[in-house]
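S.K.: Once you've had a glance at the structure underneath, I'll fire off some questions.
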Amino acid sequence: MRRSVPVARVLVGLVSAVVLAGCAAGTSGPPPVVNLDARICAPGADLTGALAVPLEDGEGILSPVKGVTVKLDMDAACLKPPSGEKRLYAVFKLPDSTTPYIITIASEPVGSGLLSPYAQMLDEQGRVLRVVQRDSFMFHGAALAANLRSHPGEEYLLVASDPASVGQTVSQIQGATQTTTSSGGGFFFYVRTGSETTRTMTYAHSGSVTVKAAPVPKAN
Amino acid sequence: MTTAIYGAVAGRRPMSVPRMSRVVGALALLALGLAACARVPEIPFDRTANVVKTIGLVTPRFPDSASVILASTPGQSFGLIGALIDGAMQSDRDSRFKAVLEQQSFSAQDKFQQAVTVGLAARGYSVVSVPMTRDKADFVAKYPTDTGPPVDAYLDLVTTAYGYIAAGVRDSTPYRPNFVVKARLVRATDSTVLMQDTVIYNPIGPGALQGAKGVVTVAPDPQFQFTSFDLLASDPAKAAMGLDVATVQTAQTVCDLLR
Numbered sequence: 001m002r003r004s005v006p007v008a009r010v011l012v013g014l015v016s017a018v019v020l021a022g023c024a025a026g027t028s029g030p031p032p033v034v035n036l037d038a039r040i041c042a043p044g045a046d047l048t049g050a051l052a053v054p055l056e057d058g059e060g061i062l063s064p065v066k067g068v069t070v071k072l073d074m075d076a077a078c079l080k081p082p083s084g085e086k087r088l089y090a091v092f093k094l095p096d097s098t099t100p101y102i103i104t105i106a107s108e109p110v111g112s113g114l115l116s117p118y119a120q121m122l123d124e125q126g127r128v129l130r131v132v133q134r135d136s137f138m139f140h141g142a143a144l145a146a147n148l149r150s151h152p153g154e155e156y157l158l159v160a161s162d163p164a165s166v167g168q169t170v171s172q173i174q175g176a177t178q179t180t181t182s183s184g185g186g187f188f189f190y191v192r193t194g195s196e197t198t199r200t201m202t203y204a205h206s207g208s209v210t211v212k213a214a215p216v217p218k219a220n
Numbered sequence: 001m002t003t004a005i006y007g008a009v010a011g012r013r014p015m016s017v018p019r020m021s022r023v024v025g026a027l028a029l030l031a032l033g034l035a036a037c038a039r040v041p042e043i044p045f046d047r048t049a050n051v052v053k054t055i056g057l058v059t060p061r062f063p064d065s066a067s068v069i070l071a072s073t074p075g076q077s078f079g080l081i082g083a084l085i086d087g088a089m090q091s092d093r094d095s096r097f098k099a100v101l102e103q104q105s106f107s108a109q110d111k112f113q114q115a116v117t118v119g120l121a122a123r124g125y126s127v128v129s130v131p132m133t134r135d136k137a138d139f140v141a142k143y144p145t146d147t148g149p150p151v152d153a154y155l156d157l158v159t160t161a162y163g164y165i166a167a168g169v170r171d172s173t174p175y176r177p178n179f180v181v182k183a184r185l186v187r188a189t190d191s192t193v194l195m196q197d198t199v200i201y202n203p204i205g206p207g208a209l210q211g212a213k214g215v216v217t218v219a220p221d222p223q224f225q226f227t228s229f230d231l232l233a234s235d236p237a238k239a240a241m242g243l244d245v246a247t248v249q250t251a252q253t254v255c256d257l258l259r
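Those sequence lines, one after another, are chains A and B.
So the first sequence is numbered by this note's numbering: it starts at 1 and just counts up by one.
So the second sequence is numbered by this note's numbering: it starts at 1 and just counts up by one.
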C-alpha cells in the first residue's frame, strides 16, 4: 500500500503533462500565409502530382476513415487563374467506384492559421465540373469541413485557398471538460473540471487539408 | 466551493416525493443531454441530383423544457449521492429558468419552427407544415403518405437539448446558450434519407471542439454569458435573448445544410 502513493503521484504527473501538452499543441506552428505577392503562380492546376484518395470502409471504431492529409505552406503549388487571384492548392485523385460515396474535405487549424477552403471537382482533363464555394464549408469544431456526394465523371478534386476571405479572423469560444485522477489515503478518485478558452484564427492560404472518401452511411 | 455547495444542499429538509420526482426528471434530462453526444452519421444533401421544391416541415421534437446544465460539477466525483445532489440543483435551475422564459413569453419551439420556415423559403423552398406527434425523442418512424399540399421531402428535426450550459463552476466558465438538434431530410416517395446531420450550438464536452467530428458546430455569441445562474435568472430579458439568438442561428445552420 505504501508503494502505491508514489505511483499515484507519477500517474497524476503524467496525466497533467499530457493535458498540458494537448493545450500547447493547439496554438503552436508557423505563422499563417496571408500574402502571395512573392509567389510566381501557374495559370492552371497541375494534375500530375495528384494524391490518390482511397475509398475506405470506415465501419467500426477500429477502422476509422483516415483519408489523405496535405500541408499547404508557402512552398505549396500556386495557381493564378486568368480572371482570378493567386491561391495555394493541392490536387487529389478521387477513387474509381461505380457506387456513390461521400467525399469529406476538412481544413484543420495549423497554429493560429486556418486554410480558408474552396474546391473544384475536375474531369479527366482538368475541366471544372462542379465548384464548392467557401460558404459550403461549415465548422466542425475548430475545423472547416464540407461533405459531398460523388458524381460520375469527377476524377480529381482541387482544394485551394479562397483569396476573398484570407486575412480575416474568426474567434471561437471553446468550452471543454477534463477528467483527472487524484489519490489520497491509498484511494484513487476522479475529478471532473471545466475550462474555457477563446481561440482566434486567421483565415489563410496555408494550412492542413484532409480528404476522405467513404461509402454513404446507412440511415434507414 | 465544494463545501459551500454541499453545505447548502445538506441544510435542506429531506426531499419530498414531488421533489424527488423532479430530481429524477432532472437526471433524465442530464442523460438526454449526454445522449445528444450520440450523433447521427453525416449524409450531405445533393441539391443538383434531387428535385426537391416543396419541403414538409414535420413538427420539430423538443424536450419537455429547457435545461440549465453544469457540464462538470464536484458532485460527479461522488457517485450516486453526488448525482442526486447535482440532479436536485439542476432541477431547481431548470424550474427557475422555465419561469424566466415564461416571463419573457419566449417559446423556443415556436421560434425554431418559424426560423426554419423562413430559412428554407430564403433558400428557394416552399414549406408546408406537417403536424405530427411522436412517442420518443427520435426521428419519425413513418412519414405520412398523403399530405394536404403534396411535398417532395420531409424535414424531420429532433431537438435533444436547449437552454444554457457551463463547462464548470468557476467564473471563467460562464453559462452560455446551448442548442442541440438532429436533422434529417427524407424523400416523400420512398423514404430515402437525402440528408442527415447534427448541429450543436456551443458544444461542451470532453475535448469538445477539438473532437467534434461528424457534427456541425456553432460557436456561442460572446455577448450572452453569465458567470452564475443567479445572474442569469436576474436578467430575464438578456437570458431569453441569448437563447433566441442560439435558436435562430441553429435553425439557419440547419437550413444551410440544404443549400
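Even glycine gets a Cβ: it sits at the ideal position worked out from N, Cα and C.
Excluding five sequence neighbours on each side, which residues of the same chain lie with their C-beta closer than 6 Å to the C-beta of V199 of chain B?
M.R.: On the second sequence, residue 199 of chain B is found 199 positions in, with the first residue counted as 1. Cβ within range, chain order: V181, V216, T250, T253 and V254.
S.K.: Going along the chain, which residues of the region 219-246 of chain B sit with their C-beta nearer than 7 Å to a C-beta in chain A?
M.R.: Against chain A - using a Cβ distance shorter than 7 Å - the residues of the region 219-246 of chain B are A219, P220 and P222.
S.K.: When the cut-off is 8 Å and only beta carbons count, does P144 of chain B lie next to chain A?
M.R.: In the second sequence, residue 144 of chain B corresponds to position 144, counting from 1. False, the Cβ-Cβ gap to chain A never drops below 8 Å.
S.K.: Pull out every residue of the region 167-197 of chain B whose Cβ sits closer than 8 Å to any Cβ of chain A, in chain order.
M.R.: Listed in sequence order: A167, G168, V169, R170, S172, T173, P174, R176, R184, S191, T192, V193 and Q196.
S.K.: Run through DSSP, which three-state label would L94 of chain A get?
M.R.: Numbered from 1 along the first sequence, position 94 holds the residue referred to as residue 94 of chain A. In the structure shown, L94 of chain A sits in coil (DSSP, three-state: anything other than H, G, I, E or B).
S.K.: Output the boundary residues of the beta strand (DSSP E) element that contains I103 of chain A.
M.R.: For the purposes of this step, residue 103 of chain A is identified with residue 103 of the first sequence, where counting begins at 1. It spans Y101 to E108 - the beta strand (DSSP E) in which I103 of chain A sits, taken as one unbroken run.
S.K.: Nearest to D222 of chain A by CA position, among A:S136, A:D96 and A:G141, is which residue?
M.R.: Here chain A has residues from 1 to 220 only, and residue 222 of chain A is not among them.
S.K.: K136 of chain B: beta carbon under 7 Å from a heavy atom of the ligand GTP?
M.R.: This structure lacks the ligand GTP; in fact it carries no ligand of any kind.
S.K.: Excluding the 5 residues preceding and the 5 following S107 of chain B in the sequence, name in chain order all residues of the same chain whose CB lies nearer than 8 Å to its CB.
M.R.: Mapped onto the second sequence, residue 107 of chain B falls at position 107. So the list reads L101, once near-sequence residues are dropped.
S.K.: Kindly list, in the order they appear in chain A, the residues whose Cβ is closer than 7 Å to that of P131 of chain B.
M.R.: Translated into positions along the second sequence, residue 131 of chain B becomes position 131. The contacting residues do not exist; P131 of chain B stays about 23 Å from chain A at best.
S.K.: List in chain order: all unbroken beta strand (DSSP E) runs of 3+ residues lying wholly within the region 111-187 of chain B.
M.R.: The region 111-187 of chain B contains these whole beta strand (DSSP E) runs: 126-130, 153-166 and 176-187.
S.K.: Look up Q178 of chain A in the DSSP assignment and give the residues it is bridged to.
M.R.: As a position in the first sequence, residue 178 of chain A is number 178, starting the count at 1. Paired residues: A:T193.
S.K.: By the criterion of Cβ-Cβ separation under 8 Å, what are the contact partners of R192 of chain A in chain B?
M.R.: Within the first sequence, numbered from 1, the residue matching residue 192 of chain A stands at position 192. What R192 of chain A touches in chain B: S72, T73, Q76 and S77.
S.K.: Nearest chain A C-beta to G163 of chain B closer than 8 Å, yes or no?
M.R.: On the second sequence, residue 163 of chain B is found 163 positions in, with the first residue counted as 1. No - not a single Cβ of chain A is within 8 Å of the one on G163 of chain B.
S.K.: Going along the chain, which residues of its own chain have a beta-carbon closer than 8 Å to the beta-carbon of Q76 of chain B, five neighbours each way excluded?
M.R.: For the purposes of this step, residue 76 of chain B is taken as residue 76 along the second sequence, with counting starting at 1. Only G82, A83 and D86 meet the Cβ criterion.
S.K.: Quick check on L36 of chain A: does DSSP put it in helix, strand or coil?
M.R.: Taking the first residue of the first sequence as 1, we reach residue 36 of chain A at position 36. Coil at L36 of chain A, not helix or strand.
S.K.: Take every Cβ of the region 159-169 of chain B, pair it with every Cβ of the region 120-128 of chain B, and state whether three or more of those distances are shorter than 8 Å.
M.R.: No, they do not touch.
S.K.: Quick one: Cα of Y156 of chain A to Cα of V91 of chain A, how far?
M.R.: As a working mapping, residue 156 of chain A is identified with position 156 in the first sequence. As a working mapping, residue 91 of chain A is identified with position 91 in the first sequence. For Y156 of chain A and V91 of chain A, the distance between alpha carbons rounds to 7 Å.
S.K.: Does the region 126-137 of chain B come within contact of the region 41-59 of chain B, defined as at least 3 CB pairs closer than 8 Å?
M.R.: Contact between the region 126-137 of chain B and the region 41-59 of chain B is present, because at least three Cβ pairs lie under 8 Å.
S.K.: Mind checking who M138 of chain A pairs with in its DSSP beta bridge?
M.R.: Here residue 138 of chain A refers to the residue found at position 138 when the first sequence is read from its first residue. Its beta-bridge partners are A:A145.
S.K.: Mind checking A164 of chain A: buried by the 16 CB within 10 Å criterion, or exposed?
M.R.: Residue mapping note: residue 164 of chain A aligns to position 164 of the first sequence, counting from 1. Under this definition A164 of chain A is an exposed residue.
S.K.: Does T159 of chain B pass the burial test, meaning 16 or more other C-beta atoms within 10 Å, or should it be called exposed?
M.R.: Stepping through the second sequence from its first residue, residue 159 of chain B is reached at position 159. T159 of chain B should be labelled buried.
S.K.: Quick one: using the 10 Å Cβ neighbour count with 16 as the cut-off for buried, is A99 of chain B buried or exposed?
M.R.: As a working mapping, residue 99 of chain B is identified with position 99 in the second sequence. Looking at its Cβ environment, which holds fewer than 16 other Cβ atoms inside 10 Å, A99 of chain B is exposed.
S.K.: Do you know whose CA, among A:A52, A:K86, A:A160 and A:S171, lies nearest R134 of chain A's CA?
M.R.: As a working note, residue 134 of chain A is residue 134 in the first sequence. Taking only the C-alpha atoms, the option nearest R134 of chain A is A:A160.
S.K.: With DSSP collapsed to three states, give me the class of R130 of chain A.
M.R.: On the first sequence, position 130 is the one that residue 130 of chain A refers to. If DSSP states are grouped into helix, strand and coil, R130 of chain A belongs with the strands.
S.K.: By the three-class DSSP mapping on this structure, what secondary structure does G25 of chain B have?
M.R.: The residue you call residue 25 of chain B lines up with position 25 of the second sequence. Residue confidence for G25 of chain B is low, a pLDDT of 47 falling below 50, so the modelled location carries little weight and cannot support an answer.
S.K.: Under the three-state reduction of DSSP, which class applies to C255 of chain B: helix, strand or coil?
M.R.: Here residue 255 of chain B refers to the residue found at position 255 of the second sequence. Note: C255 of chain B maps to helix in three-state DSSP.
S.K.: Just to confirm my understanding: we take P217 of chain A, look at its own chain, exclude 5 residues before and 5 after, and list those with CB closer than 7 Å. What are they?
M.R.: Here residue 217 of chain A refers to the residue found at position 217 of the first sequence. Same-chain partners within the cutoff: there are none.
S.K.: Go ahead and label S206 of chain A buried or exposed: buried means 16 or more other beta carbons lie within 10 angstroms of its beta carbon, across all protein chains shown.
M.R.: The residue labelled residue 206 of chain A in the question sits at position 206 within the first sequence. Buried: at least 16 other Cβ atoms inside 10 Å.
S.K.: Pull up the distance between the alpha-carbon of C37 of chain B and that of V128 of chain A, whole angstroms please.
M.R.: For the purposes of this step, residue 37 of chain B is taken as residue 37 along the second sequence, with counting starting at 1. For the purposes of this step, residue 128 of chain A is taken as residue 128 along the first sequence, with counting starting at 1. Model confidence at C37 of chain B stands at a pLDDT of 48, short of 50, so the residue's coordinates are unreliable and nothing is read from them.
S.K.: At which residues does the alpha helix (DSSP H) containing D196 of chain B begin and terminate?
M.R.: The residue labelled residue 196 of chain B in the question sits at position 196 within the second sequence. One point to set straight first is that residue 196 of chain B is Gln, not Asp, in the sequence displayed. Note, Q196 of chain B: premise wrong, no alpha helix (DSSP H); beta strand (DSSP E) at V193 to Y201.
S.K.: DSSP state of G153 of chain A, grouped into three classes?
M.R.: Sequence index remark: in the first sequence, residue 153 of chain A carries index 153 (1-based). It is coil, neither helix nor strand.
S.K.: Give me the residue from B:P44, B:F45, B:F62 and B:P74 with the minimum Cα distance to T228 of chain A.
M.R.: Residue 228 of chain A lies beyond the range of chain A shown here (1 to 220); nothing can be said about it.
S.K.: E196 of chain A touches chain B at which residues, Cβ-Cβ below 7 Å?
M.R.: If you number the first sequence from 1, residue 196 of chain A lands on position 196. Going along chain B in sequence order, the residues near E196 of chain A (Cβ under 7 Å) are A167, S172 and T173.
S.K.: Where DSSP assigns a beta bridge to Q261 of chain B, which residues make up the other side?
M.R.: An answer regarding residue 261 of chain B cannot be provided, because it is not within the stretch 1 to 259 covered by chain B.
S.K.: Which residue's Cα is closest to the Cα of P174 of chain B: B:A237, B:F229 and B:A88?
M.R.: Within the second sequence, the letter at position 174 stands for residue 174 of chain B. Residue B:F229 is the option with its Cα nearest to P174 of chain B.
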